[in-house]
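First the structure, in the form of structure tokens, and then the observations on it.
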Amino acid sequence: MTSVFLVGAGPGDPDLLTVKALRLLQTADVVLHDSLVGKKILTLVSNKARLVDVGKRCGKTSAAQGEICRLLVAEARAGYRVVRLKGGDPMVFGRATEEMDALRETGIAFEVVPGITAATAAAAALQISLTRREVARSVHFLTGHGAAGGLPEHDWVALARGGGTLAVYMGAQTLPGLAAHLIEAGMSPDTPALAVENAALPGQRVLSGTLGALPRLLATAAPEGPVLVLIGQALADEAVAQGTLAAAVAG
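Okay, so the sequence shown: first residue is 1 according to UniProt numbering, each after it adds one.
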């Protein structure tokens with residue numbers, strides 16, 4: 001019998017939860033949730049369930065991953081129905097591998113419930129396709145924050161030459177270095193680039209610029225919420241030029 005569910009909460013809008021995720025939140029005994037999970041989503045949890053904040057926010061104090069794994073195992077062994085609630089999708093930079101490994105090692109049955117990830121949430125909110133015929137035939141999900149802190153290693157030349165759209169998660173602090181690496185690898189500094197803070201939420205804020213200029217714009221804006229960076233020619237859509245971004249910021 002499945003006793004642990006790794007559930008994606010999506011970008012934070014309760015309306016973007018899957019039906020399955022909502023059902024599990026309303027039948028859970030224990031919910032171990034990330035700091036980025038929206039407060040409105042947490043209000044949907046059964047009032048009989050225990051809520052446990054386990055952090056996991058880039059740059060902030062949070063529970064160690066080992067402690068989260070220990071809690072998952074302990075709560076399941078105690079006979080509780082456990083939901084591990086993660087922002088976005090558990091399988092996209094959600095550190096689900098460590099948690100699945102811990103559960104497998106202890107013989108605890110689990111299930112993964114996907115959620116909407118930040119890149120697709122931002123694309124939908126801004127009405128900008130991440131792919132575009134003859135312009136961008138691929139999308140690359142990157143992390144801007146390595147396990148040891150700072151910008152992780154990537155194949156910058158391959159990314160610069162790939163011609164697709166880059167979606168950079170947790171990249172606000174390391175964007176200057178990332179942009180410098182991509183430009184050095186051959187990507188034009190004039191490549192369209194966006195920074196989206198709090199994607200698909202009422203407090204969404206969008207900065208529009210180029211790969212060369214966006215790091216400075218983002219530093220000046222000093223965002224406090226999670227930031228997704230999008231880079232690529234697919235963003236140079238006519239709708240963007242005509243003011244979609246300005247409307248998104250105003251909203």
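Note that the Cβ used here is the ideal one computed from N, Cα and C, for glycine as well. All values reported here derive from a predicted model rather than from experimental measurement.
Pick from the options: whose alpha carbon is nearest that of residue i?
i: residue 234; options: 44, 158, 193; result: 193
i: residue 177; options: 153, 19, 129; result: 153
i: residue 224; options: 173, 183, 186; result: 173
i: residue 158; options: 175, 182, 125, 149; result: 182
i: residue 229; options: 216, 221, 197; result: 197
i: residue 127; options: 49, 206, 221; result: 206
i: residue 23; options: 156, 189, 32, 45; result: 45
i: residue 133; options: 201, 156, 236, 145; result: 236
i: residue 2; options: 201, 104, 216; result: 104
i: residue 67; options: 89, 102, 221, 27; result: 102
i: residue 32; options: 216, 156, 63; result: 63
i: residue 141; options: 222, 19, 89; result: 89
Does the distance from the C-beta atom of residue i to that of residue j stay below 9 Å?
i: residue 121; j: residue 6; result: no
i: residue 258; j: residue 199; result: The structure shown does not extend to residue 258, since the chain is modelled only from 1 through 251, so no value can be given for it.
i: residue 81; j: residue 30; result: yes
i: residue 72; j: residue 9; result: no
i: residue 92; j: residue 170; result: no
i: residue 264; j: residue 168; result: Lying outside 1 to 251, the shown extent of the chain, residue 264 is not represented and no answer is given.
i: residue 210; j: residue 164; result: no
i: residue 83; j: residue 42; result: no
i: residue 116; j: residue 187; result: no
i: residue 99; j: residue 69; result: yes
i: residue 4; j: residue 34; result: no
i: residue 214; j: residue 195; result: yes
i: residue 212; j: residue 189; result: yes
If I'm right that residue i touches residue j with Cβ under 8 Å, what's the distance once you round it to whole angstroms?
i: residue 113; j: residue 21; result: 5 Å
i: residue 204; j: residue 125; result: 6 Å
i: residue 76; j: residue 108; result: 5 Å
i: residue 38; j: residue 12; result: 3 Å
i: residue 87; j: residue 36; result: 4 Å
i: residue 185; j: residue 160; result: 4 Å
i: residue 48; j: residue 14; result: 19 Å between Cβ atoms; not a contact.
i: residue 175; j: residue 218; result: 6 Å
Looking at the ligand PLP, does it come within less than 8 Å of residue i, judged from the CB to the closest heavy atom?
i: residue 111; result: Looking at this structure, you won't find the ligand PLP or any other ligand, since it has none at all.
- What are the uninterrupted segments assigned as alpha helix (DSSP H) that are 4 or more residues long and contained completely in the region 18 to 76, given in chain order? 19 to 25, 39 to 42
- Task: Jot down the residue ranges of each uninterrupted alpha helix (DSSP H) in the region 143 to 210, minimum 4 residues, whole runs only, in chain order.
- Result: 156 to 162, 175 to 184
- Task: Identify every run of the beta strand (DSSP E) within the region 81 to 135, keeping only runs that are complete inside it and at least 3 residues long; order them along the chain.
- Result: 82 to 86, 110 to 113
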